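Protein chains in written order, with this note's numbering: chain U, 1 to 536; chain W, 537 to 740.
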């Protein structure tokens, strides 16, 4: 931050802090930690992406060309765990760190040291998850966890040492998430600027608040489930082992009690972000603030009572099937409220289409497809056909890539000028957007069709009639994967704005930006809002 | 801003909130474990997931793994107005060098009739091995109306090297079974009971 212009900024920056790697190891500054979270997420996004590109290349043709089925099984499961726990969740936490203090007028996160610990737990956890791949090259063990990310028993009870690595990795990732959640809640409850009531809280903070509560309610259940798995594997318990009177289906209940809210954990911060972006580039106030807050709360509450729709086909009494079907479908009501609020925010606005706005609108369309195909899967009668097919794969990638990753990209492009002090390269950003959205649909739209035709997921080979769609999907995936290098390059350019001659960002980098962070200079000083703003 | 540098009042309110949230975390962790017995109770009460209902007279509580062993009471009546097809199947789990197959693959019965079928089980190894069969009935709704009167799954079975044995099962499908259920499948999984003998008793 050598380009800093104000004297107090400089003295805070360097006077009392170690430099080099020690600065990053010991930092308790929310901006530093936010940056580390975001860069870590970006790195892991490429790691997880490389894994799945290998899988897609294998699926280019029927038959086995590139890898053995064992490696295929490992790659799909670790891809999911990396993308969810090491890319999407850290990205959201990075947003929270950077933005929540700026947006609520707090000087920093409430618990800065815990914040530092929360981040530095992530690299060892990611290492634990991926280390078995490398150990296997040296003949130790049989590779990473090969059960899929759901770790279903009894397969995970029987699996090799990769399962143990995954269990410990999940423990550490869980602790990191819980520390992050506690920090967010304490910050929002205790450090809001004077006059900022809960109903004046920015929607981004509201979305994160619900996410934090969901994490606290569900991550410990996952931790408990994998702990039971661990004791089943090594200490002779029989929670999930039918031989001792346990029940493998119980694992599915425990897992999805966490797993379904997890979807909303990933998405709520981004749903909170959307109205800010849409309002900024429509130059209108956010439409339906209160309705959106109550929708967040409703979705948070509903998300913990619908889990069994992930295994309708495991066998359930009809009343239970009906309950889970109707409760699942009812989530579409608050979600529809959000969609209509987003659209109404843009309605008759004076819209402009900078890169963040393009990503936000792409998000709305594609996430809409995710929601509608989710309604189809929630139907018990239809689910028997679609369960465990590529239809499900396509559905949740519309939710988690288009809804999750593209939501993160929206936020990155929206806030990069604030973080770096330079406007983004719009031309490059737009190229990235169009390549992403076209190749994304090229990748996943065909998967709906092969899924409907009966192609099962998680299998390295497939019947000949699926060959064309799979070839198209692989081509799409390769374009999608390599276009993301543009994203990394664009971020790099913005970070080194001077060298590339990018225009400096003003405080209000986007003219329609209304929330508090746009009152601060771009980039904000190392310590911001030391005197809290007063909200009228 | 840190707990140590924050104003004392703020540090106190931080600590209070952190305390509450940590209690929330602990409660959620405990809830995960509480689901284990809750799930067993729910399954036994509803026949959810193919677990059969009830417990043998005079024993009380749950038998092995929450599976009821049925009652020896004679059926009140036989419902001759309809038939139910019962299919039999069985699997030997990894780690147990046995073969098993039902000698009767399916039976068409009237609800309330007592029936006797046999499974042929053979030890293919050269050592004496003890195994335990675990039953499961599907659909789940049928499970609570499927009473096993006598079953080789009630106790552990020991087979000498190369020995084969016909193992009997007598059962009644109770007349209360839902009219829409025309097809019931009884499936056994045979597990090795030797290494897991102590563990078998842990969750009774």
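The beta-carbon is built from N, C-alpha and C at its ideal position, and this holds for glycine as well. Since the structure is predicted, the reported quantities are computational estimates derived from the model, not experimental observations.
{"query": "Taking the alpha-carbon positions, what's the residue 447(U) to residue 75(U) distance?", "result": "19 Å"}
{"query": "At 4 residues or longer, what runs of the alpha helix (DSSP H) sit wholly inside the segment 53-81 of chain U?", "result": "69-81"}
{"query": "For residue 585(U), count neighbouring Cβ atoms within 10 angstroms of its own Cβ and tell me buried if that reaches 16, exposed if not.", "result": "This structure does not reach residue 585(U), given that chain U is present from 1 up to 536, and the question cannot be answered."}
{"query": "Looking at residue 723(W): is its Cβ nearer than 7 Å to the Cβ of residue 625(W)?", "result": "yes"}
{"query": "For chain W, is any of its Cβ atoms less than 7 Å away from the one on residue 275(U)?", "result": "no"}
{"query": "May I ask you to list, following chain order, the residues of the segment 539-560 of chain W that have a beta carbon less than 9 Å from some beta carbon of chain U?", "result": "539, 542, 546, 549, 550, 553, 554, 557, 558, 560"}
{"query": "Taking only beta-carbon atoms, is residue 525(U) less than 7 Å away from chain W?", "result": "no"}
{"query": "Can you give the Cα-Cα distance for residue 279(U) and residue 158(U), rounded to whole angstroms?", "result": "52 Å"}
{"query": "Assuming the contact rule is C-beta atoms closer than 8 Å, residue 115(U) and residue 549(W) should be a hit. Round their C-beta distance to whole Å, please.", "result": "Incorrect: roughly 18 Å between the Cβ atoms, too far for contact."}
{"query": "Using the beta-carbon of each residue, which ones in chain W are nearer than 8 Å to residue 190(U)?", "result": "546, 549, 550, 553"}
{"query": "In chain U, which residues lie with their C-beta within 7 Å of the C-beta of residue 725(W)?", "result": "242"}
{"query": "Which residue or residues does DSSP assign as beta-bridge partners of residue 529(U)?", "result": "None, per the DSSP bridge assignment."}
{"query": "Once you ignore the five residues that flank residue 104(U) on each side, which residues in its own chain have a CB closer than 8 Å to its CB?", "result": "187, 188, 191, 192, 193, 196, 201, 202, 205, 516"}
{"query": "Under 8 Å Cβ-Cβ, which residues of chain W neighbour residue 239(U)?", "result": "572"}
{"query": "In terms of DSSP beta bridges, what is residue 476(U) paired with?", "result": "For residue 476(U), which the question treats as bridged, DSSP gives no partner whatsoever."}
{"query": "Give me the Cβ distance between residue 269(U) and residue 207(U), rounded to the nearest whole Å; I'm assuming they're in contact under 8 Å.", "result": "5 Å"}
{"query": "Residue 723(W) bridges to which residues according to DSSP?", "result": "625(W), 672(W)"}
{"query": "Along the segment 652-664 of chain W, where does the CB come closer than 8 Å to a CB of chain C? Name the residues.", "result": "The question asks about chain C, but that chain is absent: this structure's protein chains are U and W."}
{"query": "Does residue 233(U) have its Cβ less than 7 Å from a Cβ in chain W?", "result": "no"}
{"query": "Would you say residue 670(W) faces chain U, with C-beta separation under 7 Å as the test?", "result": "yes"}
{"query": "By Cβ distance below 6 Å, which residues in the same chain neighbour residue 118(U) in space, the five residues on each side in sequence not counted?", "result": "176, 179, 180"}
{"query": "Helix, strand or coil: how does DSSP classify residue 693(W) here?", "result": "strand"}
{"query": "By the DSSP assignment, the alpha helix (DSSP H) with residue 380(U) in it spans what residues?", "result": "380-386"}
{"query": "Which residues of the segment 669-689 of chain W have a Cβ closer than 9 Å to any Cβ of chain U? Give them in chain order.", "result": "670, 672, 674, 675, 676, 677"}
{"query": "For residue 659(W), which three-state DSSP category applies?", "result": "strand"}
{"query": "With a CB to CB cut of under 6 Å and the five nearest residues on each side skipped, what residues in its chain are close to residue 559(W)?", "result": "none"}
{"query": "Would you report the Cα separation of residue 300(U) and residue 399(U), rounded to the nearest angstrom?", "result": "17 Å"}
{"query": "Who are the neighbours of residue 306(U) on chain W, taking C-beta pairs under 7 Å?", "result": "Under the 7 Å cutoff, chain W gives no residues; its nearest Cβ is about 16 Å from residue 306(U)."}
{"query": "Considering only residues of the same chain and omitting the five flanking positions on each side of residue 417(U), which have a CB-CB separation below 7 Å?", "result": "423, 424, 505, 509, 522"}
{"query": "Excluding the 5 residues flanking residue 411(U) on each side, which residues of the same chain have their C-beta closer than 6 Å to its C-beta?", "result": "95, 273"}
{"query": "Considering only the beta carbon of each residue, do residue 165(U) and residue 221(U) sit closer than 7 Å?", "result": "no"}
{"query": "Which bits of chain W does residue 230(U) rub up against, with CB to CB less than 7 Å?", "result": "Going along chain W, no residue has its Cβ under 7 Å from residue 230(U), so there is no contact; the nearest lies around 13 Å."}
{"query": "Less than 7 Å separating the beta-carbons of residue 23(U) and residue 30(U)?", "result": "no"}
{"query": "Taking only the alpha-carbon atoms, compute the straight-line gap between residue 554(W) and residue 290(U) and give it to the nearest angstrom.", "result": "28 Å"}
{"query": "Is the segment 668-683 of chain W in contact with the segment 710-721 of chain W, if contact means three or more CB pairs nearer than 8 Å?", "result": "yes"}
{"query": "Grouping DSSP H, G and I as helix and E and B as strand, with all else coil, what is residue 456(U)?", "result": "strand"}
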